[in-house]
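Participant: Have a look at this one.
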Amino acid sequence: MTKVLVSMKIFPEDITIDLNQLKQKIEAIMPQDSKVLRFNEEPIAFGLNALIAHILIPEEKQDALEKIENNIRQIQGISNIETFMMQRW
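Pasting the structure below:
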């Protein structure tokens, strides 16, 4: 089964949000056939860091990315997400 590597930037609501807790919540909402490969943190401004999540999803499931994005948006403490890269893995 071919996988797609999706990278998305996840913006917390403010600098008081614990990024480690966000990582755990994001990993917990992944469907069974998808997984987070790794997280990176990227400084934005004034102490605010965004999470960069690198997620593997099955290429055959066309709605998988949309479901993951919607689930991430529902997590308390997240203000916005931006998918910026997709490539076959």
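Quick note on numbering: the sequence shown equals residues 7 to 95 in the numbering used here.
All C-beta atoms, glycine included, are put in the ideal place defined by N, C-alpha and C.
Let's test the definition: count the other Cβ atoms within 10 Å of the Cβ of Ser40 and tell me whether it reaches 16, buried, or not, exposed.
Facilitator: Position 34 of the sequence shown holds residue 40. Buried.
Participant: Who are the Cβ neighbours of Phe45 in its own chain at under 7 Å, not counting the five residues just before and after it?
Facilitator: Counting from one through the sequence shown, the residue named residue 45 turns up at place 39. Counting only Cβ-Cβ distances below 7 Å, and skipping sequence neighbours, we find Lys29, Leu57, Ile58, Ala59.
Participant: Any idea what DSSP makes of Ile58, helix, strand or coil?
Facilitator: Here residue 58 is taken as the residue at index 52 of the sequence shown, counted from 1. In this structure, Ile58 counts as strand in the three-state DSSP scheme.
Participant: With a cut-off of 8 Å on the beta carbons, I'd call Phe37 and Ala70 a contact; round off their distance for me.
Facilitator: Against the sequence shown, residue 37 aligns to sequence position 31. Against the sequence shown, residue 70 aligns to sequence position 64. Just to set this straight, residue 37 is Pro in the shown sequence, not Phe. Rounded, the Cβ-Cβ distance is 7 Å, consistent with contact.
Participant: Measuring straight from C-alpha to C-alpha, what distance separates Phe6 and Ile32?
Facilitator: As displayed, the chain neither begins before 7 nor continues past 95, which places residue 6 out of reach and without an answer.
Participant: Determine which residues share a DSSP beta bridge with Thr89 and list them.
Facilitator: For this step, residue 89 is matched to residue 83 along the sequence shown. Partner(s): Met14.
Participant: How big is the Cα-Cα spacing for Met7 and Gln93?
Facilitator: Counting from one through the sequence shown, the residue named residue 7 turns up at place 1. Counting from one through the sequence shown, the residue named residue 93 turns up at place 87. Each residue's Cα considered, the two are about 14 Å apart.
Participant: Could you check which residue in Leu62, Glu66, Lys15 has the C-alpha nearest to that of Leu43?
Facilitator: As a working note, residue 43 is residue 37 in the sequence shown. Considering only alpha carbons, the answer is Leu62.
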